[in-house]
């Protein structure tokens, strides 16, 4: 069971999150779009990526921009393990996937799909042929794109998508130590993602990972995945 933890900002925070059990860590590199306080300067992205490589952890670049050229430029510059398209104004297509492979041959593509109703199944199936991962998330906001709402959604739709697509499905949306076990049992995803419920949020807009909660989230996910045979 892949445990994916968003949204990392500092180097030491990234290291502690990996040590707590994260398999994927996600961050927002400096770009047009997204919450300014959460953007990570590119020199620090490189530092975090170096620590990821040492530990066999995948770095996920979260794209809140809706400009595909900016996404491709960042992928080329930073060569992440995964590029996550989360903006609500752009969805990857086959041409984008092909261009990404030329510019960043080892980078996998993750497309966020908003699960607001049953039409999410068709949207997931549409991108399935050319993405490596589909992230199923809740909520839509101008500053965070798809996700980061801290709200759950109808997991039966997620479970149907898992059955209908070939891409690896990451379940997201309001997941934390309190409900990740139930989500895994119902959805049976490839991985689970957490942001809000494993973060400390400050008044000025910054967040940092709550490391004890990250550790609890990862331990529960691993235990339940083993119990259900995932």
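In full-length UniProt numbering, the protein residues as written are 1 to 230.
Quick reminder that beta carbons are idealized off the backbone N, C-alpha and C, glycines included.
Proximity of residue i and residue j at Cβ, strictly below 8 Å
| i | j | result |
| --- | --- | --- |
| residue 48 | residue 14 | yes |
| residue 51 | residue 81 | no |
| residue 172 | residue 224 | no |
| residue 27 | residue 17 | no |
| residue 78 | residue 114 | no |
| residue 215 | residue 56 | no |
| residue 54 | residue 23 | no |
| residue 83 | residue 31 | no |
Residues near residue i in its chain [Cβ-Cβ closer than 7 Å; skip 5 each side]
| i | result |
| --- | --- |
| residue 222 | 1 |
| residue 99 | 72 |
| residue 67 | 32 |
| residue 194 | 5, 175, 176 and 217 |
| residue 190 | 2, 168, 169 and 170 |
| residue 185 | 224 and 228 |
| residue 96 | 68 |
| residue 187 | 155, 158, 159, 162 and 171 |
| residue 76 | 103 and 104 |
According to DSSP, residues forming a beta bridge with residue i
| i | result |
| --- | --- |
| residue 133 | 110 and 168 |
| residue 192 | 3 and 171 |
| residue 85 | 63 and 111 |
| residue 25 | 5 and 59 |
| residue 201 | 207 |
| residue 40 | 29 |
Contacting residues, own chain, Cβ-Cβ under 6 Å from residue i (five flanking each side not counted)
| i | result |
| --- | --- |
| residue 208 | 13 and 200 |
| residue 85 | 63, 92 and 111 |
| residue 135 | 110, 112, 170 and 172 |
| residue 124 | 113, 134, 161 and 165 |
| residue 45 | 29 and 78 |
Exposed unless 16 or more other CB atoms sit within 10 angstroms - verdict on residue i
| i | result |
| --- | --- |
| residue 7 | buried |
| residue 60 | buried |
| residue 229 | exposed |
| residue 89 | exposed |
| residue 106 | exposed |
| residue 226 | exposed |
| residue 119 | exposed |
| residue 3 | buried |
| residue 122 | exposed |
| residue 210 | buried |
| residue 158 | buried |
8 Å CB neighbourhood of residue i in its chain, flanking five on each side removed
| i | result |
| --- | --- |
| residue 177 | 197, 198, 213, 216, 217 and 220 |
| residue 40 | 8, 9, 27, 28, 29, 30 and 48 |
*Do the segment 126 to 135 and the segment 150 to 158 make contact, defined as three or more Cβ pairs closer than 8 Å?*
no
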